[in-house]
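Chains A and B supply the protein sequences, listed in that same order. Taking our numbering, the leading residue of the first sequence gets 614, the next gets one more, and so forth. Taking our numbering, the leading residue of the second sequence gets 45, the next gets one more, and so forth. Even glycine gets a Cβ: it sits at the ideal position worked out from N, Cα and C. Values in this document were obtained by computation on a predicted structure and should not be read as measured data. Reading through the structure tokens given below for one structure.
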Amino acid sequence: MSETVAQLSKKTGASPVLQVAHLSKKLGGKPILQDCSLTLNRGELKVLIGPSGAGKSTLLQCINCLIPPDEGKILLEGRALNVADRRALCAFRAQVGMIFQDFNLFDHLTAEENVAIALRKVRGMNRQDAQRRAQEELGRVGMSRRAGLYPAQLSGGQKQRVAIARALAMDPKVILLDEPTSALDPELVGEVLAVIKDLARGGMTMLMATHQMDFARALAHEILFMEQGIIIEQGAPDVLLAEGSATRTRDFCKHLLEMGA
Amino acid sequence: MNSLQVIWDALPFILGGTLTTVSAVALALGMGLVLGIPLAVGQVYGGTLVRAAVGLYVWFFRGVPILVLLFLSYGLCMSLGLAVPPFLASCLVMGCISTAYQSQIFRGAIESLPQGQLRAARALGMTDGCSITCIILPQALRLSLPGWANEFSILLKDSAVCYVLGTQEIMSRATAVAQRTHEHLALFALAGVIYFILTLVVLKLLRALENRVHIPGYSTGGTVGMGAAG
């Protein structure tokens, strides 16, 4: 499956969509991220793994400046982001989708309005066009029939699918996923992973923090292993997880398995 | 019998005062709403200076009794040589006080929303202004309604004090008739009943509004479902 993605990116030419260089962040004098660099080429899916508290979530939120990084450069399609320019920052964020662990759907809006609101307020679309586009995106994640329901009336898996539709509606160049299945009941994980799999097959560029090792092994182009705010290992899943390889990644995954994951 | 006759005769006069009370309270609440929301937003999201300024304002207007403020405003107008109509002065004083209280109702509501709401709005590329007006306030204002109803009922009754400035509201008119007829008990009972009915009606309306804007299935972790109670 990772081959199809590879072929896709070869077809379109391996062009970097998102480049992150030497990102650092300290909170209260304590380093949370240290010199993190990564590149995402078009159509690539990279997976961030590592123990909790390793800084995966901080890294993802620093990439679209929800947490402003102390140092480092972020480039989208080769253009550097100037964090001080509020307008440029908003335009950047509109092109970088973000999926949260706890969904963060807007509680006062229906599923359809959740998807439509940024189209109207950020893209300046009129109500009808936004509505039509929202319906389209909800259909893509299998949520058409629940478009009129409010977040509180949806299951966790359904909420996350709406959140994905909301991100997709903005035509993002890249999507950052922060442990999208960690807050879900086990029986709901599958429906969300299926949607993400579809996106990966469709050539969406994604960076995803996750503990779903089977998913990472099957679909990821590359695994980035993080610990204590540092990306300590980086490579194709076949290499990092190969029988007998003495990587920290393999060690961690074995540990996950033993925990009965 | 005589008391009833006095009440009957005084009723149009005092109901006229009711109109004054209602308009003064409505204007003060409106002023509090219009100014209280930006103050709350400033206090939650603003910089150090804005937060300190809002804090100072709230501290002053919550700390000084309304009666003292009314006399202060009177003294201030006198010393500046301004002839401010009593009705206007009452509205402004009550408006300033209500702004302080309402800002704290809204601040509480904003701060009770999950942090992720603002984060998700920003992540979609919304400006901070849009995130607040499109995402935060619609939710926060819904949560503010019970506290806001409380603020209304307190302000309505506080407005009775405005008779000291000579505002022709319920209390001042009831007092005037009482002094003329010596039917104090009957007239102040009438005033009490009018306040009671006003409170009852408006609280019912606010409760209906609360149910109307209720989001299906939504609760902020409380144990009682609001929809079922409505």
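Which word fits threonine 879 of chain A, buried or exposed, when buried means at least 16 other C-beta atoms lie within 10 angstroms of its C-beta?
It is not possible to answer for residue 879 of chain A, since the shown part of chain A is limited to 614 through 874.
Under the three-state DSSP convention, the category methionine 75 of chain B falls into:
helix
Span separating the alpha-carbon of alanine 167 of chain B from that of asparagine 677 of chain A
7 Å
Buried/exposed call for valine 108 of chain B, threshold 16 Cβ in 10 Å
exposed
Beta strand (DSSP E) segments (min. 3 residues) lying fully within the segment 774-837 of chain A
787-791 and 819-822
Can you tell which of A:Thr794, A:Asp851, A:Val805 and A:Leu789 has its C-alpha closest to the C-alpha of leucine 554 of chain A?
Residue coverage of chain A in this structure runs from 614 to 874, which leaves residue 554 of chain A outside it and unanswerable.
Let me know the beta strand (DSSP E) ranges lying completely inside the segment 674-711 of chain A, each 3 residues or longer, listed in chain order.
684-689
Best match in A:Glu726, A:Val735, A:Lys734 and A:Gly755 for proximity to arginine 745 of chain A [C-alpha to C-alpha]
A:Glu726
By Cβ distance below 6 Å, which residues in the same chain neighbour proline 682 of chain A in space, the five residues on each side in sequence not counted?
Leu636, Lys638 and Cys675
Within the continuous alpha helix (DSSP H) that includes isoleucine 730 of chain A, where are the two ends?
724-734
Enumerate in chain order the residues of its own chain whose CB-to-CB distance from alanine 780 of chain A is below 8 Å, with the five nearest sequence positions on each side excluded.
Gly710, Met711, Ile712 and Ile788
Name, in chain order, the residues that DSSP records as bridge partners for threonine 652 of chain A.
A:Gln632
Under 7 Å (Cβ pairs) to chain D, residues found in the segment 158-185 of chain B:
No chain D appears in this structure, whose protein chains are A and B.
Isoleucine 730 of chain A versus chain B: which residues are under 9 Å apart at the beta carbon?
Ala165, Leu168, Met170, Cys178 and Ile179
Cβ neighbour criterion (16 or more within 10 Å) applied to asparagine 27 of chain B:
There is no way to answer for residue 27 of chain B, as the model of chain B reaches only from 45 to 274.
Partner residues on chain A for isoleucine 259 of chain B, Cβ-Cβ distance less than 8 Å
Result: Asp720, His721, Tyr763 and Ala765.
Member of A:Ser768, A:Ala693, A:Lys734 and A:Val775 whose CA lies at the smallest distance from the CA of leucine 801 of chain A
A:Ser768
Can you name the start and end residues of the alpha helix (DSSP H) that isoleucine 241 of chain B belongs to?
Its alpha helix (DSSP H) spans residues 228-256.
Where does glutamine 49 of chain B fall in DSSP's three states?
helix
Does glycine 91 of chain B come out as helix, strand or coil in the three-state DSSP assignment?
coil
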